[in-house]
Every structure is written in structure tokens, then in C-alpha cells.
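All the letters of the sequence shown, read from the start, carry residue numbers 626 to 806 under our numbering.
Reviewing the structure listed below.
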Amino acid sequence: MEDVVTKTRRWLEDAVIGLNLCPFARAVYVRDEVRIAVDEARGFEDAIRRALDEADRLLQAAPDDIATTLVVFPHALSDFDEFLDAVDAVDELIERAGAAGILQLAHFHPQYQFEGTEADDLENFTNRAPYPTLHLLREAQISEGVASHPNPEAIPERNIEVLEELGELEVHKMWDRWSTD
Numbered sequence: 626m627e628d629v630v631t632k633t634r635r636w637l638e639d640a641v642i643g644l645n646l647c648p649f650a651r652a653v654y655v656r657d658e659v660r661i662a663v664d665e666a667r668g669f670e671d672a673i674r675r676a677l678d679e680a681d682r683l684l685q686a687a688p689d690d691i692a693t694t695l696v697v698f699p700h701a702l703s704d705f706d707e708f709l710d711a712v713d714a715v716d717e718l719i720e721r722a723g724a725a726g727i728l729q730l731a732h733f734h735p736q737y738q739f740e741g742t743e744a745d746d747l748e749n750f751t752n753r754a755p756y757p758t759l760h761l762l763r764e765a766q767i768s769e770g771v772a773s774h775p776n777p778e779a780i781p782e783r784n785i786e787v788l789e790e791l792g793e794l795e796v797h798k799m800w801d802r803w804s805t806d
């Protein structure tokens with residue numbers, strides 16, 4: 626399990642924070658407010674239950690104790706389509722529980738591929754992580770971050786530009802440092 630946490634932290638430090646793919650991540654990471662929950666779920670249903678348990682834990686915690694949670698699944702949801710189904714299911718259950726507008730869900734996967742792209746397109750690496758990962762965020766903190774950012778709408782395009790400037794070779798070298806393949 627430590628290896629999973631180590632690779633996830635390396636991904637956070639190298640890509641998410643190091644390349645500033647998420648300009649809001651550094652502050653909560655430095656303050657140690659990011660919970661990395663490595664989940665031993667082996668199947669779809671179990672992964673959904675565990676993600677909802679983590680959502681509840683996040684809701685119960687003070688924001689300065691746990692600002693955000695990464696639920697990492699080293700043994701489940703390896704198929705990207707199944708993972709997307711899990712994202713939809715968790716999103717729907719968060720909404721049914723009345724937590725829409727309180728929690729938001731982001732997601733990352735080793736085979737992440739945006740619709741309309743080729744598997745090796747660099748832009749897919751903006752949402753790739755060493756393991757299937759559901760990111761539970763507090764909507765209030767997102768709103769604060771967005772309000773303080775000069776141009777939040779440009780973040781996705783800027784991220785693609787950063788990866789293109791790095792180039793395919795460097796992006797793949799970085800991926801190899803935290804990949805599980």
C-alpha cells in the first residue's frame with residue numbers, strides 16, 4: 626500500500642503541482658490537507674461503496690483537516706469504460722444524497738482518454754494518474770479558488786500547452802516515474 630501512496634504522491638508532486646496542472650492543489654498539499662485513501666476494493670460495487678464512505682468522511686471532517694480526498698483504486702476499475710461508469714454512479718449517488726453543490730467529483734485514470742482524441746495524445750495526460758482515482762472536492766473551496774484565479778476557464782487549454790511544450794519524450798519520462806505499467 627505504501628508503494629501506491631508513494632506513486633500517487635509522486636504524481637501529485639511531479640504533474641499536478643509541479644506542472645501546475647491544478648493551480649489550487651499546492652496550498653492544500655503543503656498544508657497536509659489532502660487525504661490519499663488507498664482502497665482495496667476488488668470490484669465495481671465495492672469501489673462505489675468505498676468512494677461513498679470517503680465522501681461521507683470528507684463531509685464529516687473539518688475543511689482544514691481534510692480539504693480534499695483522492696480515493697485510489699489499485700485493484701479495481703482498471704478498465705477505463707468501467708471506471709467512467711463508476712464516476713457516473715458515484716456522481717449520481719452524491720446528488721441523491723443531497724451533497725451536490727457541496728461535493729464535486731473529478732477523476733483520473735492510467736488510460737484516460739478524452740472523447741475525440743487518440744490514446745497517445747498528450748492532452749490525455751492531464752487526467753492520467755498511476756491508478757484509477759476519484760477526487761472528492763469541496764465545492765466551496767473550488768469556488769474560492771476559481772474566484773481568486775485570473776482566468777480559470779483557460780486552465781485546461783494551458784495544461785495542454787504545458788504538456789506540448791514539454792514534448793512527448795519528457796511527458797513519457799515523467800509518466801514512467803510514477804506509472805504502474
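Note that beta-carbon positions come from the ideal geometry of N, C-alpha and C, so glycine has one too.
| request: For my contact list, THR751 and ASN776 are in at a C-beta cut-off of 8 Å; report their separation, rounded to the angstrom. | output: The pair is not a contact, with the Cβ atoms about 17 Å apart (cut-off 8 Å).
| message | Pairs of beta-carbons, one from the segment 704-715 and one from the segment 731-743, closer than 8 Å: are there three or more? | response | They touch, by the three-pair rule.
| request: Determine contact between the segment 741-755 and the segment 784-796, defined as no fewer than three beta-carbon pairs at a distance below 8 Å. | output: Taking 8 Å as the limit for Cβ pairs, the verdict is that the segment 784-796 does touch the segment 741-755.
| task | Could you tell me the distance, in whole angstroms, from the CA atom of ASP689 to the CA atom of GLY770? | result | Per the coordinates, the alpha-carbon of ASP689 lies some 15 Å from the alpha-carbon of GLY770.
| 8 Å contact criterion, which ALA676 and LEU759 should meet: CB distance rounded | The Cβ separation is near 5 Å, so the contact holds.
| query | Which of the three DSSP states, helix, strand or coil, is assigned to GLN766? | reply | DSSP, reduced to helix, strand and coil, places GLN766 within a helical segment of the structure shown.
| query | Quick one, are the C-beta atoms of GLU764 and GLY726 less than 8 Å apart? | reply | Inclusion of GLU764 and GLY726 in the CB contact set at 8 Å is warranted, their separation being smaller than that value.
| Identify the residues that DSSP records as bridge partners of HIS734: which are they? | According to DSSP, HIS734 bridges with nothing at all.
| query | Per DSSP, ARG660 forms a beta bridge with which residues? | reply | Residue pairing by DSSP places ARG660 opposite THR694 in a beta bridge.
| Helix, strand or coil: how does DSSP classify HIS760 here? | Three-state result, HIS760: strand.
| query | Among residues of its own chain, excluding the 5 on either side of LEU683, which ones have a beta-carbon nearer than 6 Å to its beta-carbon? | reply | Residues of the same chain with a CB within less than 6 Å of the CB of LEU683, apart from the 5 flanking positions on each side, are ILE691, THR694, LEU761 in chain order.
| request: May I ask you to report which of helix, strand or coil DSSP gives LEU709? | output: Assigned with DSSP and collapsed to three states, LEU709 falls in helix.
| query | Between the C-alpha atoms of LEU646 and ALA722, what's the straight-line distance to the nearest angstrom? | reply | Taking the straight line from one Cα to the other gives about 30 Å.
| Would you report the Cα separation of ASP681 and GLU793, rounded to the nearest angstrom? | Rounded to the nearest angstrom, the two C-alpha atoms are 39 Å apart.
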